[in-house]
Amino acid sequence: MNPLDIINKYYPGESELKHILLVHSRSVADKALQIAERHPELALDRDFLYEGAMLHDIGIFLTDADSIFCFGDKPYICHGYLGADLMRAEGYPRHALVCERHTGAGLSLDQILAQDLPVPHRDMVPVSMEEQAICFSDKFFSKTHLEREKSVEKARKSLEKYGEAGVQRFDQWCKMFL
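Using numbering that gives the first Met the number 0, read the sequence shown as starting at 0 and increasing by one per residue.
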């Protein structure tokens, strides 16, 4: 499977949005692959790490986020499950789970209900080690400052809006992946 073929299908031609998606996704993929390299004991699937990281944000074009040239009609927080729907339609259910479960440090059903989030009512927390490594790696890269990697402290702080459970999950990943 070549993730660029799928990206090109949904992001044809050249655009600022496609550039943002590709740079961000490559940064996330590189960090996830560095984790696999540093931690051979985790036996992470390197091919899947690359594919999942490249495709984790495939659904952003369906959302409304003007600052990154997304002009869809859904709130940005929906990009994960929307991307998952695209990946399932493409025949990649395992990749769909990465899309669905990477928002914040994952969204539990309790969080979704308590915060009245506009996403399906189901647990969307990373489960597999690959899902966790991709979600963790994603926290270090924004789509508005493509040129820099966040510090652990800044990545952690960006999760506070999602609640304490996500921060605790991130802290566990720091112990596991760094």
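C-beta atoms are modelled at their ideal positions from N, C-alpha and C, and glycine is treated no differently.
**Q.** At least three beta-carbon pairs within less than 8 Å, the segment 25-37 to the segment 131-139
**A.** yes
Q: Using the Cα positions of residue 17 and residue 10, report the straight-line distance between them to the nearest angstrom.
A: Translated into positions along the sequence shown, residue 17 becomes position 18. Translated into positions along the sequence shown, residue 10 becomes position 11. One C-alpha to the other measures close to 6 Å.
Q) With residue 38 and residue 61 assumed to form a contact (beta carbons below 8 Å), what rounded beta-carbon distance in angstroms separates them? A) Residue 38 sits at position 39 when you count from the first residue of the sequence shown. Residue 61 sits at position 62 when you count from the first residue of the sequence shown. A Cβ-Cβ separation of about 34 Å leaves residue 38 out of contact with residue 61 under the 8 Å criterion.
Q | Distance between residue 44 and residue 36 (C-alpha atoms, nearest Å) | A | Looking up residue 36 in the sequence shown gives position 37. Looking up residue 44 in the sequence shown gives position 45. Cα to Cα, the separation comes out at about 11 Å.
Q.
According to DSSP, residue 73 sits in a beta bridge with which residue or residues?
A. Here residue 73 is taken as the residue at index 74 of the sequence shown, counted from 1. In the DSSP output, where bridge partners are listed per residue, residue 73 has 62.
Q. Are the segment 102-110 and the segment 154-169 touching, with three or more C-beta to C-beta distances below 8 Å?
A. yes
Q.
Taking only three categories from DSSP, how would you classify residue 103?
A. The residue given as residue 103 occupies position 104 in the sequence shown. Residue 103 falls in the strand class under three-state DSSP.
Q) Distance, Cα to Cα, residue 151 vs residue 139? A) The residue given as residue 151 occupies position 152 in the sequence shown. The residue given as residue 139 occupies position 140 in the sequence shown. Cα-Cα distance, rounded: 7 Å.
Q) Where DSSP assigns a beta bridge to residue 123, which residues make up the other side? A) Residue mapping note: residue 123 aligns to position 124 of the sequence shown, counting from 1. Residue 123 is bridged to 106.
Q.
So, for residue 116: in the same chain, excluding its five sequence neighbours on each side, which residues have a beta-carbon less than 8 Å away from its beta-carbon?
A. Residue mapping note: residue 116 aligns to position 117 of the sequence shown, counting from 1. Taking residue 116 as the centre and dropping the five residues before and after it, the same chain places the C-beta of 76, 106 and 110 closer than 8 Å to its C-beta, in chain order.
Q. Would you call residue 171 buried or exposed, if buried means 16 or more other Cβ atoms sit within 10 Å of its Cβ?
A. Locating residue 171 in the sequence shown gives position 172, counting from the first residue. Result: exposed.
Q.
Since residue 19 and residue 57 should fall inside the 8 Å C-beta cutoff, what is the C-beta to C-beta distance between them, to a whole number of angstroms?
A. Here residue 19 is taken as the residue at index 20 of the sequence shown, counted from 1. Here residue 57 is taken as the residue at index 58 of the sequence shown, counted from 1. Actually they do not touch by this definition, with Cβ atoms about 13 Å apart.
Q | Rounded C-alpha distance that separates residue 120 from residue 168 | A | Here residue 120 corresponds to residue number 121 of the sequence shown, with the count starting at 1. Here residue 168 corresponds to residue number 169 of the sequence shown, with the count starting at 1. So the alpha carbons of these two residues sit roughly 20 Å apart.
**Q.** Pick from 124, 74 and 73 that is closest to residue 98, judged by C-alpha positions
**A.** Within the sequence shown, residue 98 is the residue found at index 99, counting from 1. Residue nearest to residue 98 within the set 124, 74 and 73 is 124 (criterion: CA-CA distance).
Q: Check the C-beta distance from residue 67 over to residue 153 and give it rounded, since I have them as a contact under 8 Å.
A: For the purposes of this step, residue 67 is identified with residue 68 of the sequence shown, where counting begins at 1. For the purposes of this step, residue 153 is identified with residue 154 of the sequence shown, where counting begins at 1. About 18 Å; that fails the 8 Å criterion.
Q | Beta-carbon proximity check, residue 54 vs residue 82, cutoff 9 Å | A | Against the sequence shown, residue 54 aligns to sequence position 55. Against the sequence shown, residue 82 aligns to sequence position 83. Taking 9 Å as the Cβ cut-off, residue 54 and residue 82 qualify as a contacting pair.
Q | Contact check, residue 91 vs residue 0, beta carbons under 9 Å | A | Position 92 of the sequence shown, counted from the first residue, corresponds to residue 91. Position 1 of the sequence shown, counted from the first residue, corresponds to residue 0. In this structure, residue 0 lies closer than 9 Å to residue 91 by Cβ.
Q.
Which runs of the alpha helix (DSSP H) at least 4 residues long sit entirely within the segment 14-41? Give them in chain order.
A. 15-37
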